[in-house]
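Residue numbers (the working numbering), protein chains in the order written: chain E, 1 to 151; chain A, 1001 to 1244.
For glycine and all other residues, C-beta sits at the position ideal for the given N, C-alpha and C.
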């Protein structure tokens, strides 16, 4: 199994004792991303207070954090809670995420592969600097016909 | 709740390329582009879906969604419809496209589509360019049934911004189960007016709560309409909406 790729941002991390002290004084949230398609796991360490990291999705959302750290997550509607292409399954830390809206729940109703811990990446905000979130990016999207979009 | 996992599709974006075949200005700030795939093939989509257009902005690109306003049964170019918005750099780029230009997009995407063949009245509510996804949905539902009543309430600040007015008038004359109510009202009160009309027609008039609704427009007013209808007793899953 490949080691996860660590991506860190926000501030100098330091090494050894300095690193440990820095983590204690300035905790960093951790977002671990696993891919159903077999891509290597990635881990992002970030400071939620620094959001937004990108321009799509709610500031501090899983989508915002991923895009801002160079990791692609589909977001066909531009991260505006109008589709389900940024669907992720939360494996750890579901209760650490900001609450979902009725609009997000309505969209998730129609997401393929829905699970009890599904969220839209563009809406699920990580605010807790101590949060350790693990998500899975499904292999598929609601792009129902793109594989045969031309005929 | 867990649903069956559909056949695996690639998580990588499939980019298609389209050429601008025709430009139609509905009003000074509202335009349609008619697009055809440069591959020469025909785009398959479901009424109500959108495409995600790749828009170059400086050194980066952004993806922005545009509903398909045309009918998938039409074999010619497909149509997207949009209007200028203050600070909207993506739409400004689209306004600069000329006939013969090409653009990249992915999709179609979206689950704002017809639920099933109607067995009771269906209400459609649109504001401005929100008619775009509803237009092919209306055509599809009217082709599928001549029994269920289909009513459209469509609001805009002036007559120029009631898009496809001639077509909708013609449809109301020829399809006996279709009726259409254009509403001209100031932009700031559009959702107040739509809420009043929805209240009068579908809530206060009777106790029937079997209807389905499809709502599309810009802003939180769409959510107000959703909440009004659901709060009046309509099933959550019978009130479909797309908020831009």
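Does residue i come out as helix, strand or coil in the three-state DSSP assignment?
| i | result |
| --- | --- |
| residue 156/E | Limits of chain E in this structure are 1 at one end and 151 at the other, which puts residue 156/E out of reach. |
| residue 1161/A | helix |
| residue 1129/A | helix |
| residue 1241/A | strand |
| residue 11/E | Reliability of the predicted coordinates at residue 11/E is poor, the pLDDT of 47 falling under 50, and no value is obtained from them. |
| residue 145/E | Model confidence at residue 145/E stands at a pLDDT of 40, short of 50, so the residue's coordinates are unreliable; what they give is reported in the following sentence. The answer is coil: DSSP assigns residue 145/E none of H, G, I, E or B. |
| residue 50/E | helix |
| residue 1213/A | strand |
| residue 1033/A | strand |
| residue 131/E | coil |
| residue 41/E | coil |
| residue 1025/A | strand |
| residue 1062/A | strand |
| residue 1020/A | strand |
| residue 6/E | strand |
| residue 1204/A | coil |
| residue 1052/A | strand |
| residue 1224/A | helix |
| residue 29/E | strand |
| residue 1232/A | coil |
| residue 114/E | coil |
| residue 1078/A | strand |
| residue 1038/A | coil |
| residue 1147/A | coil |
What number of angstroms, rounded off, separates the C-alpha of residue i from the C-alpha of residue j?
| i | j | result |
| --- | --- | --- |
| residue 7/E | residue 1092/A | 35 Å |
| residue 1233/A | residue 1029/A | 38 Å |
| residue 45/E | residue 1086/A | 36 Å |
| residue 1059/A | residue 81/E | 25 Å |
| residue 1240/A | residue 1021/A | 32 Å |
| residue 1137/A | residue 1071/A | 8 Å |
| residue 92/E | residue 1074/A | 47 Å |
| residue 1067/A | residue 83/E | 12 Å |
| residue 54/E | residue 60/E | 9 Å |
| residue 145/E | residue 1051/A | Annotation note: pLDDT 40 at residue 145/E (below 50); position unreliable, coordinate value reported separately. If you take the alpha carbons of residue 145/E and residue 1051/A, they lie about 12 Å apart. |
| residue 117/E | residue 32/E | 15 Å |
| residue 1186/A | residue 1129/A | 15 Å |
| residue 1121/A | residue 1150/A | 6 Å |
| residue 1244/A | residue 1118/A | 25 Å |
| residue 1181/A | residue 1095/A | 30 Å |
| residue 1189/A | residue 1027/A | 21 Å |
| residue 135/E | residue 1172/A | 49 Å |
| residue 1144/A | residue 69/E | 48 Å |
| residue 1057/A | residue 63/E | 20 Å |
| residue 1048/A | residue 1114/A | 8 Å |
Can you list the residues of chain E that residue i reaches, using a CB-CB cut of under 9 Å?
| i | result |
| --- | --- |
| residue 1065/A | 76, 77, 78, 80, 82, 83 |
| residue 1134/A | The contacting residues do not exist; residue 1134/A stays about 15 Å from chain E at best. |
| residue 1062/A | 55, 56, 78 |
Along chain A, in chain order, which residues have C-beta atoms closer than 7 Å to that of residue i?
| i | result |
| --- | --- |
| residue 91/E | Chain A residues near residue 91/E: none, gap ~15 Å exceeds 7 Å. |
Identify the contact partners of residue i in chain A, using a Cβ-Cβ distance below 9 Å as the criterion.
| i | result |
| --- | --- |
| residue 34/E | Those within 9 Å of residue 34/E in chain A number zero; the least Cβ separation is about 12 Å. |
Find the residues of chain E that neighbour residue i, judging by a C-beta separation of less than 7 Å, and give them in chain order.
| i | result |
| --- | --- |
| residue 1242/A | 82 |
| residue 1225/A | Residues of chain E passing the Cβ test: none, with the nearest at roughly 13 Å. |
List, in chain order, every chain A residue whose beta-carbon is nearer than 8 Å to that of residue i.
| i | result |
| --- | --- |
| residue 110/E | 1111 |
Name the chain E residues that come within less than 8 Å of residue i, Cβ to Cβ?
| i | result |
| --- | --- |
| residue 1052/A | 76, 77, 78 |
| residue 1247/A | A question about residue 1247/A goes unanswered here, because the residues of chain A that appear run from 1001 up to 1244. |
Please confirm whether residue i has its beta-carbon closer than 8 Å to some beta-carbon of chain A.
| i | result |
| --- | --- |
| residue 103/E | yes |
Please confirm if residue i has its CB atom under 8 Å from at least one CB of chain E.
| i | result |
| --- | --- |
| residue 944/A | There is no way to answer for residue 944/A, as the model of chain A reaches only from 1001 to 1244. |
| residue 1201/A | no |
| residue 1229/A | no |
| residue 1152/A | no |
| residue 1001/A | The predicted model places residue 1001/A with a pLDDT of 34, which falls under 50 and marks its position as unreliable, so this point remains unresolved. |
Any heavy atom of the ligand FAD closer than 7 Å to the CB of residue i?
| i | result |
| --- | --- |
| residue 1101/A | In the structure shown, the ligand FAD is absent, as is every other ligand, since no ligand is present at all. |
Those runs of the alpha helix (DSSP H) which lie wholly inside the region 67 to 111 of chain E and span at least 4 residues: Listed in chain order, the complete alpha helix (DSSP H) runs (minimum 4 residues) inside the region 67 to 111 of chain E are 102 to 108.
I'd like the ranges of any alpha helix (DSSP H) spanning at least 4 consecutive residues and lying wholly in the region 1083 to 1141 of chain A. Entirely contained in the region 1083 to 1141 of chain A, the alpha helix (DSSP H) runs reaching 4 residues are, in chain order, 1089 to 1095.
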